[in-house]
Amino acid sequence: MLGGLARRVAWVEKVQRENQRTLVVDSGDLFFSFRNDSDSEKALKKAQIIGRAYRHMGAAAVNVGCLDLLQGVDFLRQEYSQGLPLISANLLDPSTKSPIFPSYVIKEVGGVRIAFVGLLPPESGPEISPAIQRANEGRILIADPIDAARETLGKIKGKADLAIIISDLGLYKDQRVAKELPGIHFILGGHEGRFTRRAVRAGMTHIFQSSRKGMYVGRLQLTLEDPSKPFRDAGEVQYLQERIDGLDLYIRGLETARKRQPDKVNPHRERSIREITRQRTALQEELKRAKEAGIQGNHFLFKLQTMEKALPEDEEVKGWISAAGVDKD
Amino acid sequence: MKKWFPATKSFWGILSFIFAWSLFLFPAPPAESGETEILILHTNNVTGYILPCPT
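Printed below as a string of structure tokens:
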């Protein structure tokens with residue numbers, strides 16, 4: 001059993017106490033899923049508790065994901081009016097054609113101005129299901145995310161040192177955004193809920209996702225010397241070494257099997273040994289280059305923190321859950 | 001002691017004042033001078049889960 005809101009709040013607040021230069025963000029699909037669509041009263045109670053918890057943690061920005069629209073945009077308007085910092089560059093009011101929530105927020109931390117821009121999938125895509133359309137009929141318009149991001153990045157030019165997209169587009173669309181719009185430093189993504197072991201790079205942009213269902217919290221540590229210069233991945237050496245170690249273990253297993261049957265040639269096994277050895281050589285070259293490059297200048301380290309059972313829970317949040325009667329499911 | 005050195009009390013007062021100020025004036029330095037460290041905590045696809053989830 002991993003995750004839980006009370007555990008996440010306790011852990012985040014501990015990190016915030018230890019490091020005051022900490023920002024909390026969510027990429028969307030925070031409140032609802034198709035799973036709990038059938039009992040909307042219970043789903044709303046849970047969503048309100050989640051909104052309260054993210055306000056309690058002092059979240060810097062929460063992007064609107066497509067599933068967040070499942071109970072209608074009015075729920076999100078209400079959360080925003082209570083202080084939840086919802087953002088979206090491409091969720092528009094159909095009557096005014098302007099964004100319902102701010103397109104971006106800029107937070108200054110340690111003298112560095114960081115802009116967060118929110119994006120959700122286009123209206124024409126399969127992500128905006130009939131249930132989402134029914135719940136928001138005539139009340140929302142979703143603009144093309146790349147056009148909206150381009151316009152928003154133009155607005156923040158000169159106002160921020162770092163541009164971070166918090167996105168519910170999914171990895172492939174995030175890669176397209178990064179390739180079309182240079183100047184984005186990071187994309188903290190979502191939609192698929194991937195477990196990121198290593199940042200995906202598109203141009204100069206690094207893309208991550210932090211799994212799903214609140215089982216993990218992504219921890220992106222930035223070390224900046226000059227925000228105008230590109231970032232290096234400080235976890236690359238460790239990641240490559242772990243992959244090489246994994247392949248070594250695999251090769252040893254295959255060689256042990258070969259020794260056990262010295263008279264019998266297994267062509268499938270021999271092919272596997274050759275292929276894995278080739279992969280290992282390529283990774284070793286990559287590791288050598290990464291070690292030579294070092295980690296001077298701007299760099300980052302991304303890790304997923306497991307919300308494991310041993311971590312303490314926030315008693316106040318446990319109280320909210322219990323008082324709402326949603327502590328059994 | 002106070003009789004011979006009337007300034008003793010104020011001496012300790014000044015010393016503790018300087019000590020207290022030094023805590024504010026000289027906070028722990030960052031990892032390297034000229035570097036700024038920032039931490040961003042990120043979640044996605046929580047999808048309404050408020051209780052721990054079976055893996």
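In the order they appear, the protein sequences are chains A and B. Here the first sequence is numbered in my numbering, starting from 1 and rising by one per residue. Here the second sequence is numbered in my numbering, starting from 1 and rising by one per residue. Ideal Cβ placement from N, Cα and C applies to all residues, glycine included.
Problem set entry | Burial state of A:Asp296 (16 or more Cβ within 10 Å) | In the first sequence, counting from the first residue as 1, residue 296 of chain A sits at position 296. With the sequence shown as reference, residue 296 of chain A is identified as Gln, and Asp is not the correct amino acid for it. Exposed, by the Cβ-count rule.
For this session: Give the range of the alpha helix (DSSP H) segment to which B:Tyr49 is assigned.
Result: One-based indexing of the second sequence puts residue 49 of chain B at position 49. Per DSSP, B:Tyr49 belongs to no alpha helix (DSSP H) and is neither H nor E.
Exercise. Apart from the five residues on each side of it in sequence, which residues of its chain come closer than 6 Å, Cβ to Cβ, to A:Ala115?
Worked result: As a position in the first sequence, residue 115 of chain A is number 115, starting the count at 1. Non-local C-beta neighbours of A:Ala115 in its own chain, meaning closer than 6 Å and more than five positions away in sequence, comprise Tyr104, Ile106, Ile156, Ala160, Ala163, ordered along the chain.
Exercise. What residues from the segment 252-268 of chain A come within 7 Å of chain B, judged by C-beta to C-beta, listed N to C?
Worked result: Hits within the stretch: zero.
For this session: Measure from the alpha carbon of A:Phe231 to the alpha carbon of each residue in A:Trp320, A:Asn63, A:Gly294, then state which is nearest.
Result: For this step, residue 231 of chain A is matched to residue 231 along the first sequence. When only C-alpha atoms are compared, the closest one is A:Gly294.
For this session: List the endpoints of the continuous beta strand (DSSP E) containing A:Ala61.
Result: Here residue 61 of chain A is taken as the residue at index 61 of the first sequence, counted from 1. Where A:Ala61 is concerned, the enclosing beta strand (DSSP E) stretches over 61-63.
Problem set entry | Distance, A:Met307 Cα to A:Phe195 Cα | What you label residue 195 of chain A is simply residue 195 of the first sequence in a count that begins at 1. What you label residue 307 of chain A is simply residue 307 of the first sequence in a count that begins at 1. As the crow flies, the alpha-carbon of A:Phe195 is around 14 Å from that of A:Met307.
For this session: Identify each residue in the segment 37-59 of chain A for which the Cβ-Cβ distance to at least one residue of chain B is less than 7 Å, and report them in chain order.
Result: Closer than 7 Å at the C-beta level to chain B, one finds these residues of the segment 37-59 of chain A: Ala43, Lys46, Ala47, Ile49, Ile50.
Exercise. Taking a cut of 7 Å between CB atoms, which residues from the segment 115-127 of chain A lie near chain B?
Worked result: For the segment 115-127 of chain A, no residue has a beta-carbon sitting nearer than 7 Å to a beta-carbon of chain B.
For this session: Can you give me, in chain order, the residues of the segment 74-98 of chain A that have a beta carbon less than 8 Å from any beta carbon in chain B?
Result: Listed by position, the residues of the segment 74-98 of chain A near chain B (Cβ gap below 8 Å) amount to none.
Exercise. With 16 as the cutoff for other CB atoms within 10 Å, does A:Tyr80 come out buried or exposed?
Worked result: Residue 80 of chain A sits at position 80 when you count from the first residue of the first sequence. Taking every protein chain shown into account, the CB of A:Tyr80 has 16 or more other CB atoms within 10 angstroms, so this residue is buried.
For this session: For A:Gly193, return the contacting residues in chain B, with the cut-off set at a CB-CB distance below 7 Å.
Result: Stepping through the first sequence from its first residue, residue 193 of chain A is reached at position 193. Those are Asn44, Asn45, listed as they occur along chain B.
Problem set entry | DSSP three-state assignment for A:Ala357, whether helix, strand or coil | With chain A represented from 1 up to 329, any question about residue 357 of chain A goes unanswered, as that position is not in the structure.
For this session: May I ask you to report which of helix, strand or coil DSSP gives A:His56?
Result: As a first step, residue 56 of chain A is located in the first sequence; it is residue number 56 there, counting from the start. The answer is helix: DSSP assigns A:His56 an H, G or I state.
Exercise. Who are the neighbours of A:Val109 on chain B, taking C-beta pairs under 7 Å?
Worked result: Within the first sequence, numbered from 1, the residue matching residue 109 of chain A stands at position 109. The answer, in chain order, is Ile38.
For this session: Following the continuous alpha helix (DSSP H) through A:Arg269, name the residue where it begins and the one where it ends.
Result: Along the first sequence, read from residue 1 onward, the residue named residue 269 of chain A stands at position 269. Its alpha helix (DSSP H) spans residues 267-293.
Exercise. Which residue comes first and which comes last in the alpha helix (DSSP H) that contains A:Thr152?
Worked result: Position 152 of the first sequence, counted from the first residue, corresponds to residue 152 of chain A. Start and end: 145-156.
Exercise. What's the gap between the Cα of A:Val217 and the Cα of A:Leu2?
Worked result: As a first step, residue 217 of chain A must be located in the first sequence, where it is residue number 217. As a first step, residue 2 of chain A must be located in the first sequence, where it is residue number 2. For A:Val217 and A:Leu2, the distance between alpha carbons rounds to 11 Å.
Exercise. Taking Cβ positions, are A:Ile50 and B:Val46 nearer each other than 9 Å?
Worked result: Sequence index remark: in the first sequence, residue 50 of chain A carries index 50 (1-based). Sequence index remark: in the second sequence, residue 46 of chain B carries index 46 (1-based). In this structure, B:Val46 lies closer than 9 Å to A:Ile50 by Cβ.
Exercise. So which residues of chain B does A:Asp29 contact, with C-beta pairs closer than 8 Å?
Worked result: By one-based count along the first sequence, residue 29 of chain A stands at place 29. Correct list: Asn44, Asn45, Val46, Thr47.
For this session: Check whether the segment 125-134 of chain A touches the segment 65-83 of chain A, taking contact to mean three or more Cβ pairs, one atom from each stretch, closer than 8 Å.
Result: Flag = yes, the segment 125-134 of chain A and the segment 65-83 of chain A touch.
For this session: Report buried or exposed for A:Thr330, applying the criterion of at least 16 other Cβ atoms within 10 angstroms of its Cβ.
Result: Beyond the ends of chain A as shown, which are 1 and 329, falls residue 330 of chain A; an answer cannot be given.
For this session: For A:Leu222, go through chain E and note every residue whose CB falls closer than 9 Å to its CB, in chain order.
Result: Absent from the structure: chain E. Protein chains present are A and B.
Exercise. Quick one: Cα of B:Ala31 to Cα of A:Thr223, how far?
Worked result: By one-based count along the second sequence, residue 31 of chain B stands at place 31. By one-based count along the first sequence, residue 223 of chain A stands at place 223. A caution first: B:Ala31 carries a pLDDT of 48, below 50, which makes its placement in the model unreliable, though a value can still be read off. Rounded to the nearest angstrom, the two C-alpha atoms are 9 Å apart.
For this session: Using alpha carbons as the reference points, say which of A:Gln175, A:Val200, A:Met215, A:Glu275 lies closest to B:Thr43.
Result: Indexing the second sequence from 1 puts residue 43 of chain B at position 43. Answer by Cα proximity: A:Met215.
For this session: Consult DSSP for A:Pro85 and reduce its assignment to one of helix, strand or coil.
Result: Taking the first sequence and counting its residues from 1, one reaches residue 85 of chain A at position 85. Note: A:Pro85 maps to coil in three-state DSSP.
Problem set entry | Meets three-Cβ-pair contact criterion under 8 Å: the segment 23-32 of chain A and the segment 311-327 of chain A | As far as the Cβ criterion goes, the segment 23-32 of chain A does not touch the segment 311-327 of chain A, which means the pair count is below three.
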